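Undergrad: So that we are looking at the same thing, I have put the structure below in structure tokens.
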DNA sequence: CATGAATGAGCCTTCATTCAT
DNA sequence: GATGAATGAAGGCTCATTCAT
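Residue numbers (our numbering), protein chains in the order written: chain A, 109 to 308; chain B, 109 to 308; chain C, 109 to 308; chain D, 109 to 308.
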């Protein structure tokens, strides 16, 4: 296999996965039939099995590709040694960029990750969640210690608040809308950090 | 049918619906089999059809019961003629009470309402969403006009922010935990209204 | 479940298994479709799954029922403490009785046991084969030692000869034909023991 | 096509058929996928269709090549005008030579010929079986008449006994083992003709 | 009220086969 | 001669639903 066919292969897979991700996101994984994905992609259901082992492996590939890219971004941020406030800002901005780029994958992750993580194949979802929680909790706690964040709130509650607040946006965000991901991140951060009531 | 059997009937239905709601919430509507519900309720799958027309009608009953009660509470709040800030506080507190009482129903609503609302049987989900949106948007706009809320933010964005922020809590909230719904509402409101950074 | 429904259940299963065994024997396990079994049994393919977990579990039940009964018979024979000649005669007669009663199961066993025994679920096939081989080889060796059997032949070859000679009969034997299993056993034994050429 | 490419072609076909025969024998015809044969032969599934019309035509070619060679040998024997005993000896020896040379084909024949012979394409299997039966029965009957074989046995039973006895050996015989086909033939003949109990 | 057995539609998947390159 | 991608028919299995008992 040379570089050209290699790319052709990879491109086809990517196309099909993008289609699958959209359908999964729209209908839910269980409610999505392989036939439906195939229809949307313009081939027959059986033909998908030339490219993928199973419906589940499509899901797997979609989710792990998303998480890989997510953690590449997060890694850079966390390694940058920023202060708590700046770290939160950077993480949130990164998250909205992922929502922009991997919208369907994020939506799928939101809907399905809980019950998927019980299956051995998807334990990496749990791993990711744990890492994610660690990173955020540590940043928030550091922020409280440095008085960058309020100390009168339950930190775990704050964590869930910010986490959900950001990711749920995937359920309504559509790329190419009026707001860029960075703009949305800015407004969200402003709300989360300063609240929706005026200061002074 | 006399009053006694009527009540017995109603109680049995309620029990079965509570069981169904829990399973739907835990596994997702599509992934839930009628057999699973029946197992959990201690009878055979076929026997459920003595009580309900279909799996879908169980879902229907669960969701509409939840929405009815939700709107009973919201109606009182909206009719009370409170100021924007107090209205928001009351609505959020009401919401957390619903999460406390109808946890599974709320979770189901979050996961399934989008694609259900396309079906004729579930148009009331759309109606509810629209009413909900109206109430919140009007309250927020009034708040901006009265300078109770910041005017430099996109109101629709604020709406989504607050809405999601509250309801997503259903995905992790468990009744009978360390925080009462009112306590969680207070902390959430504090975050939403004042932000997570200290005010001077 | 009372005795009556218990029996009804067991009878239905037995009926269905008998049908399945015939079809498996006639067409081969792989070439047999679940639909075909269902047609032959007078119900729909899906309905078989009310009674059995899978096509494979039907096969499993057929084979293990056969082997259980086979070994019940063999056990009695081997425990009787007969001489080598009488033991061989009793084993062969038992075998023809099994062919008579479990014809299809024997045929399936002959055709499929080799590649089935690789699967974890069917390791008991290997176990049975080993036990079988042991019993026969020991009996033959004892017979050679006591000069009841010829000593100039390779015992393993004799084992295979007798074994195959008997069981292959399942491929043509039909119950209710002109010869009873005992009569066939007698003729086979006569050939195996004395050969097909006249003894002076 | 010149002689050289013709030979190259023929050799390639033969190679591929040998591979196919081994796989068919090992897994069974139905359970064998074209992909598996291709893997084993080192090319892709689709490429086999340059050489053969179909999976079935591979099977066809394997079986008819085997039967052609078998009948070439049998023909010589039957035309030699030997006595019944010598004829039987020669036929059995021929058979073991075929098992040695065409082991997989023989195994396939044993497993699949019954249900294949129903298909029009494979009627030659039935023809062969009938010719085979005729030759053996006539020889046996002649032997009984000449008192070379015992007259107190059912001749059809004897036929089946000897036939199966020989061919089933294909299921365990592996070429290149400790015994040559001629040696195995000698032992089998000794058992069949003289029995496994000592004579006087 | 509940059971047990069956229905029938549909799902994921496999696989022999085709064909443009 | 071989590849890669696709086809289309079928197969095993699941599941909501029905209904006589």
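Using N, Cα and C, we set each Cβ at its ideal position, and we do this for glycine too.
These numbers come from a predicted model, not from an experiment.
#1: Does the Cβ of residue 222(C) have 16 or more other Cβ atoms within 10 Å, making it buried, or fewer, making it exposed?
#2: I'd like to know whether the C-beta atoms of residue 177(D) and residue 210(D) end up nearer to each other than 8 angstroms.
#3: Going residue by residue through the segment 170-222 of chain B, where are the continuous alpha helix (DSSP H) segments of at least 4 residues, counting only ones entirely within it?
#4: Along the segment 213-230 of chain C, what residues have a CB closer than 7 angstroms to any CB found in chain D?
#5: Given that residue 296(B) touches chain A, what residues does it touch there, using C-beta distances under 9 angstroms?
#6: Quick one: give me the first and last residue of the alpha helix (DSSP H) that residue 233(C) is part of.
#7: In the structure shown, what three-state DSSP assignment does residue 267(D) receive?
#8: Judging by CA-CA distance, which residue of 261(C), 171(C), 184(C) and 285(C) is the nearest neighbour of residue 293(D)?
#9: Which residue's Cα is closest to the Cα of residue 192(D): 263(D), 251(D) and 255(D)?
#10: Can you check whether the CB of residue 273(D) is closer than 8 angstroms to the CB of residue 273(C)?
#11: Assuming residue 213(C) contacts residue 174(C) (C-beta within less than 8 angstroms), just tell me the rounded distance between them.
#12: Can you pull the chain C residues whose beta carbon is under 8 angstroms from the beta carbon of residue 179(D), in chain order?
#13: Name the chain C residues whose beta carbon is nearer than 9 angstroms to that of residue 302(D)?
#14: Whose Cβ in chain B lies nearer than 8 angstroms to the Cβ of residue 166(A)?
#15: Measuring straight from C-alpha to C-alpha, what distance separates residue 259(D) and residue 135(D)?
#16: Ignore the nearest five residues each way along the sequence and tell me which others in residue 148(D)'s own chain have a CB closer than 8 angstroms to its CB.
#17: Using a beta-carbon distance cut-off of less than 8 angstroms, what residues from the segment 123-151 of chain A approach chain B?
#18: Determine which residues of the segment 236-255 of chain B have a Cβ less than 8 angstroms from any Cβ of chain A, and write them out in chain order.
#19: Between the segment 181-201 of chain C and chain D, which residues of the former have a C-beta closer than 7 angstroms to a C-beta of the latter?
#20: Taking the alpha carbon of residue 277(B) as the point to measure from, which residue in 219(B), 156(B) and 152(B) has its own alpha carbon closest?
#21: Along the chain, where does the alpha helix (DSSP H) containing residue 156(D) start, and where does it finish?
#22: Note down, in chain order, every chain B residue with its Cβ under 7 angstroms from the Cβ of residue 273(A).
#23: Tell me which residues share the same chain as residue 281(D) and place their Cβ nearer than 6 angstroms to its Cβ, disregarding the 5 neighbours each side in the sequence.
#24: Flag residue 289(C) as yes if its beta-carbon sits less than 8 angstroms from any beta-carbon of chain D, otherwise no.
#25: Taking the alpha carbon of residue 264(D) as the reference point, which residue from 249(D), 255(D), 253(D) and 256(D) has its own alpha carbon closest?
#26: Using beta carbons (cut-off 8 angstroms, strictly below), is residue 176(D) in contact with chain C?
#27: Does residue 171(B) pass the burial test, meaning 16 or more other C-beta atoms within 10 Å, or should it be called exposed?
#28: Given this structure, state the Cα-to-Cα distance separating residue 189(D) from residue 240(D), to the nearest angstrom.
#29: For chain B, is any of its Cβ atoms less than 8 angstroms away from the one on residue 156(A)?
#30: With the cut-off set at 8 angstroms, would you say residue 303(A) and residue 300(B) are in Cβ contact?
#31: Taking Cβ to Cβ, would you say residue 133(C) is nearer than 8 angstroms to residue 216(C)?
#32: Of all the options 224(A), 187(A) and 179(A), which has the alpha carbon lying nearest to the alpha carbon of residue 202(A)?
#33: Is it buried or exposed, residue 289(A), if we count other Cβ atoms within 10 angstroms and call 16 or more buried?
#34: Locate the alpha helix (DSSP H) running through residue 278(C), then write down its first and last residues.
#35: Against chain C, does residue 262(D) count as a neighbour if the rule is that its beta carbon must be under 8 angstroms from one of theirs?
TA: Looking at the coordinates:
#1: buried
#2: yes
#3: 192-209
#4: 219 and 223
#5: 265 and 269
#6: 231-253
#7: helix
#8: 261(C)
#9: 251(D)
#10: yes
#11: 4 angstroms
#12: Within 8 angstroms Cβ-Cβ: nothing; residue 179(D) doesn't reach chain C, min ~22 angstroms.
#13: 258, 302, 303, 304, 305 and 307
#14: Neighbours of residue 166(A) on chain B: none; closest Cβ ~17 angstroms, over 8 angstroms.
#15: 42 angstroms
#16: 127, 130 and 131
#17: 134, 135, 136, 138 and 139
#18: 255
#19: none
#20: 219(B)
#21: 156-159
#22: 269, 272 and 273
#23: 207
#24: no
#25: 249(D)
#26: no
#27: buried
#28: 17 angstroms
#29: no
#30: yes
#31: yes
#32: 179(A)
#33: buried
#34: It is not in any alpha helix (DSSP H) - residue 278(C) carries neither H nor E in the DSSP assignment.
#35: yes
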